[in-house]
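Printed below as a string of structure tokens:
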């Protein structure tokens, strides 16, 4: 009975935390990548458009921004997640050492954790013992660190996710500025960017369990501000150099 309770409690405590951490990592990489793709590419394109850039100049600037941004996001995410994985490995190594040096003290620590979670003293001890006998490292890693030793963060997956999300985001303003007639470029680009940022803000809030209004507002205001600044810079540059 205690072993069954231990398995259930351990899976709920550690599994849900590890699942939430993985979900948030993917969400963070995807949302940051998509938002950066939309905003940075839109900023580049509106700046070039403000300087009366030709379609060829817009295409070159947009593609260059897309490629540079996707690679930058991938490299940054790889480094960030690699550091996180190194930290997780170091924490697991520390737990292994503590389990080898003081198994009884670690059992007491695990017991205290489940006692603090609301289990009675006797049941908390039985659950801690059952989990320790099953897999001591996994029990401590999941309850104390929120880490599943068998499922560490993957920097390559995060890097590819960021690059793909950035590329998809960048395609929105790039197509919006290239496809319509010249007189409609700015209007179509602004509408497309606002729509994309609204969607990404809403999706990130829903997946994260937060209210969408604030996330959408942050996304849209930030994107419009970036476009206004770069467009003004492009217009000023055209006047100065013209």
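Numbering (the working numbering), first residue to last: 132 to 373.
Even glycine gets a Cβ: it sits at the ideal position worked out from N, Cα and C.
Being a predicted model, the structure only gives us computed values, none of them experimental.
On a Cα-Cα basis, can you pick out the residue from the options that is closest to residue i?
i: residue 162; options: 368, 330, 369 and 362; result: 330
i: residue 263; options: 239, 197 and 220; result: 239
i: residue 198; options: 183, 296, 372 and 281; result: 296
i: residue 165; options: 253, 266 and 205; result: 205
i: residue 220; options: 277, 254 and 193; result: 277
i: residue 316; options: 168, 343, 186 and 298; result: 186
i: residue 269; options: 298, 225, 294 and 246; result: 225
i: residue 235; options: 253, 251, 209 and 267; result: 267
i: residue 344; options: 328, 214 and 356; result: 328
i: residue 291; options: 348, 217 and 209; result: 209
i: residue 281; options: 216, 289, 371 and 252; result: 216
i: residue 195; options: 302, 367, 369 and 358; result: 302
i: residue 218; options: 285, 372 and 334; result: 285
i: residue 279; options: 293, 222 and 294; result: 222
i: residue 358; options: 246, 314, 372 and 325; result: 325
Quick check: the Cα distance between residue i and residue j, rounded to an integer number of angstroms?
i: residue 212; j: residue 248; result: 30 Å
i: residue 189; j: residue 350; result: 24 Å
i: residue 363; j: residue 178; result: 7 Å
i: residue 230; j: residue 202; result: 42 Å
i: residue 272; j: residue 336; result: 29 Å
i: residue 283; j: residue 232; result: 25 Å
i: residue 287; j: residue 298; result: 16 Å
i: residue 356; j: residue 318; result: 15 Å
i: residue 257; j: residue 342; result: 41 Å
i: residue 254; j: residue 265; result: 16 Å
i: residue 137; j: residue 214; result: The predicted model places residue 137 with a pLDDT of 45, which falls under 50 and marks its position as unreliable; any figure quoted below should be read in that light. So the alpha carbons of these two residues sit roughly 32 Å apart.
i: residue 352; j: residue 321; result: 12 Å
i: residue 167; j: residue 300; result: 7 Å
i: residue 310; j: residue 289; result: 32 Å
i: residue 237; j: residue 251; result: 19 Å
i: residue 306; j: residue 293; result: 20 Å
i: residue 246; j: residue 261; result: 15 Å
i: residue 244; j: residue 348; result: 40 Å
i: residue 314; j: residue 334; result: 32 Å
i: residue 354; j: residue 227; result: 47 Å
i: residue 372; j: residue 169; result: 28 Å
Do residue i and residue j have their C-beta atoms closer together than 7 Å?
i: residue 207; j: residue 171; result: no
i: residue 346; j: residue 332; result: yes
i: residue 242; j: residue 259; result: yes
i: residue 308; j: residue 176; result: yes
i: residue 304; j: residue 173; result: yes
i: residue 181; j: residue 365; result: yes
i: residue 183; j: residue 369; result: yes
Could you check whether the Cβ of residue i sits closer than 6 Å to any heavy atom belonging to the ligand NAP?
i: residue 354; result: With respect to the ligand NAP, the structure offers nothing, as it holds no ligand at all.
Could you tell me which whole alpha helix (DSSP H) segments of length 4 or greater appear in the region 303–371?
316–339
Which runs of the alpha helix (DSSP H) spanning at least 4 residues fall entirely within the region 167–232, listed in chain order?
186–232
In chain order, what are the residue ranges of uninterrupted alpha helix (DSSP H) at least 4 long that sit wholly in the region 249–280?
252–271
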